[in-house]
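Down below is the structure, laid out as C-alpha cells.
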Ligand code: SF4
C-alpha cells in the first residue's frame, strides 16, 4: 500500500511530499526523500525486538516502568528534563508540565545548536520569513556557516535554490547563491560565489558588511585576519542592497563558534540595515525535525526558548546556568528524563558521565549510548511513522505528522501522560 503526503521528520526541512510503500508492518520503499530521509524511514519503519520498557536492564511492563520512573522523579530534589528535538509538540507540552510539577529544569537540544540565535532574537528581534516566501521571491540566497547539501539535502532543491517560484519562474537561473564558510563544501561548489572566511572571524565580517550597508567606510585593516578583502565585501554588500528579495540562512558555523550570539545578533542587525534598500530576511538552519517546535512550545508556555528552571515554582531563564550541559557537569541534577535524544553521545564528558551516575529515564525509539546507561528505558514509536502529532519546520511553520504504521510501542506522548499523572499523585498535586 502506498501512503502519500507523508512528512519526513528527520531534519528541519520537514519535507511533506514524501510517499512510502508499506508492506505489513514495515516500510519497504520511500519516494521523493533524500538519502538521509530514506534511511530514516527504512530504519524506523521496521519492527524492533526491543522490550517495551526495561528497569535496570531487565524487561518490564509499561506500568512497572512508569511506576519506577515516577518514584525516581518524585524523590529527586533537582531533576532535569532534556532532549525533545525529535518528538511532537504534544509530547513537548507534557514535558514542560512535568518539569513544572517536579520543580526542576527543562532544556532542549537548542542549547547546543541555535541557542545563541534565540538569545540574539531576544536582544535585537528577528527579521524572518517563511520558506514559501523564499521559494517564491528570493533572488539572492546566502548560506553562512551552513552546508545544506550535506545536512539538509533537499533544502536547496525544494525551497531555496533550484525551486521555481511565482516571482522566480526560472528557478536556479533566477537566483544568485552565495556561500560563506571556513572551508570549501559541496554547498560551496553549488554556489555562484564562495567566500572563505577564517574560523572565528564571522563577527568582524558581519559588522564590516553592516557598516558598508549603512554607507560607512570601514578601514581595510579591520578585516585583517578574516581571510577576506574589503573589495569582496563591497561587492557582496552591493548585491545585498540591490536584490529584490534576499535571504540569509545561518548555520551552526555562526552560532557555535567564537562570538556565538554576538555573531547572530550581528547577522540580524545586518538584515535590519538592509531594509532601508530592499526586502531581506534571515532563517536559522535548524537541524532536527522538531527542534524549532520545542522552542515554540517552551516560548508560549514559559516565555523562554530553552534553559528554563521551575525550582521557585515559576519559570526562570538562564543559559549557562540552567542549560543541561552545565546542570549536569556541576553535578546538580539528581535525576534526568531524556526524551528522543542521545546526550551521552553528544554532551561534553563531565555532563555525559553524570547521566550514568544518577537515575536517568530515557524515552527513545532505538538503543543509544543514553539508553545503555539509563535506569529506566521506554521504547517508543517514532513520531511521524508510528505516531501522529505536530512539528515546526525551521521557519516556524507547524506541520502535521501522519501515522503510517501501527506498532506495539507507545508514543512519547502516551508515556509522558502516564508519567505525569503518576508523579502528580506521588507529589499530591
Ligand atoms: S531534506 Fe530533511 S526532511 Fe527533507 S527528506 Fe531529506 S532528511 Fe527528510
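Residue numbers (the working numbering): -10 to 418.
Glycine is no exception: its CB is placed at the ideal position from the N, C-alpha and C atoms.
Keep in mind it's a predicted model, so treat the numbers as computed, not measured.
Beta carbon of residue i nearer than 8 Å to that of residue j
i, j, result
"residue 108", "residue 308", "yes"
"residue 335", "residue -2", "no"
"residue 187", "residue 215", "yes"
"residue 225", "residue 263", "no"
"residue 68", "residue 104", "no"
"residue 58", "residue 365", "yes"
"residue 74", "residue 400", "no"
"residue 280", "residue 98", "yes"
"residue 257", "residue 115", "yes"
"residue 426", "residue 112", "Summary: the structure shown does not reach residue 426, with the chain confined to residues -10 through 418, and so no result is reported for it."
"residue 157", "residue 132", "no"
"residue 354", "residue 33", "yes"
"residue 234", "residue 127", "yes"
"residue -4", "residue 9", "no"
"residue 0", "residue 277", "yes"
"residue 312", "residue 96", "yes"
"residue 189", "residue 246", "yes"
"residue 390", "residue 119", "no"
"residue 304", "residue 291", "yes"
"residue 164", "residue 130", "yes"
"residue 343", "residue 376", "no"
"residue 374", "residue 404", "no"
"residue 176", "residue 137", "yes"
Simplified DSSP state of residue i, which is helix, strand or coil
i, result
"residue 203", "coil"
"residue 360", "helix"
"residue 252", "helix"
"residue 9", "strand"
"residue 71", "strand"
"residue 24", "helix"
"residue 99", "helix"
"residue 43", "strand"
"residue 277", "strand"
"residue 116", "coil"
"residue 48", "strand"
CB contact check: residue i to chain C, cutoff 8 Å
i, result
"residue 148", "No chain C appears in this structure, which consists of one protein chain only."
Delimiting residues of the alpha helix (DSSP H) encompassing residue i
i, result
"residue -6", "Careful: residue -6 lies outside any alpha helix (DSSP H), inside the beta strand (DSSP E) at -9 to -5."
"residue 61", "51 to 63"
"residue 183", "Residue 183 -> not in any alpha helix (DSSP H); beta strand (DSSP E) instead, spanning 182 to 185."
"residue 273", "Where residue 273 is concerned, there is no enclosing alpha helix (DSSP H), although the beta strand (DSSP E) it sits in stretches over 268 to 273."
"residue 366", "Run containing residue 366: none in the alpha helix (DSSP H); it sits in the beta strand (DSSP E), 365 to 368."
"residue 212", "From DSSP, residue 212 is part of no alpha helix (DSSP H); its letter is neither H nor E."
"residue 230", "219 to 231"
"residue 91", "78 to 91"
"residue 123", "120 to 126"
"residue 139", "137 to 140"
"residue 175", "175 to 178"
Range of the contiguous beta strand (DSSP E) that encloses residue i
i, result
"residue 20", "15 to 20"
"residue 170", "165 to 170"
"residue 107", "Note, residue 107: premise wrong, no beta strand (DSSP E); alpha helix (DSSP H) at 104 to 113."
"residue 235", "234 to 239"
"residue 130", "129 to 133"
Residue i beta carbon near the ligand SAH (any heavy atom closer than 7 Å)
i, result
"residue 3", "No copy of the ligand SAH occurs in the structure displayed; its ligands are the ligand SF4 alone."
Secondary structure, beta strand (DSSP E): runs of 3+ residues fully inside the region 373 to 411: 378 to 381 and 387 to 390
Segment contact, 8 Å Cβ cut-off, at least three pairs: the region 406 to 415 with the region 296 to 306: Contact fails: fewer than three Cβ-Cβ distances are below 8 Å.
Touching by the beta-carbon criterion (3+ pairs, under 8 Å), the region 138 to 149 and the region -4 to 10: As far as the Cβ criterion goes, the region 138 to 149 touches the region -4 to 10, which means the pair count is three or higher.
Complete runs of the alpha helix (DSSP H) confined to the region 286 to 354 [at least 4 residues]: 313 to 318, 332 to 335 and 338 to 346
Stretch pair the region 198 to 208 + the region 232 to 251: three plus CB contacts closer than 8 Å: no
Meets three-Cβ-pair contact criterion under 8 Å: the region 321 to 328 and the region 346 to 353: yes
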